[in-house]
Amino acid sequence: MVTRRKKRFIAGAACPQCHEIDTMMLYLEQGVEKVECVSCGHTQSQTAEQVAKAGQGEVIGLFKPD
């Protein structure tokens, strides 16, 4: 069985590796928030604890996909 993950693109975000704009997608996998570039495949991830910690600074809001 193939599990589909809900992906959302981050408007205006640039990939830190290939520097392409509007190629970064955000998704949740086993409770870990992941960001992946659809152009070069670069990935980054954050646990829910890291996301909550980031929300204590100057962040206006956090996007939490369903």
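Each number in this note's numbering comes from the position in the sequence shown (counting from 1) with 1339 added on. Virtual Cβ for every residue (Gly too), placed ideally from N, Cα, C. Bear in mind the structure is a predicted one, so any value in this text is a computation, not a measurement.
Thinking C-beta only, is residue j closer than 8 Å to residue i?
i: T1382; j: E1372; result: no
i: I1361; j: G1351; result: The displayed chain sequence assigns Asp, not Ile, to residue 1361. Yes. Within cutoff.
i: M1364; j: K1345; result: no
Across which residues does DSSP place residue i in a beta bridge pair?
i: T1382; result: E1375
i: I1360; result: A1353
Quick check on the burial criterion: 16 or more other C-beta atoms within 10 angstroms. Buried or exposed for residue i?
i: C1379; result: exposed
i: C1357; result: exposed
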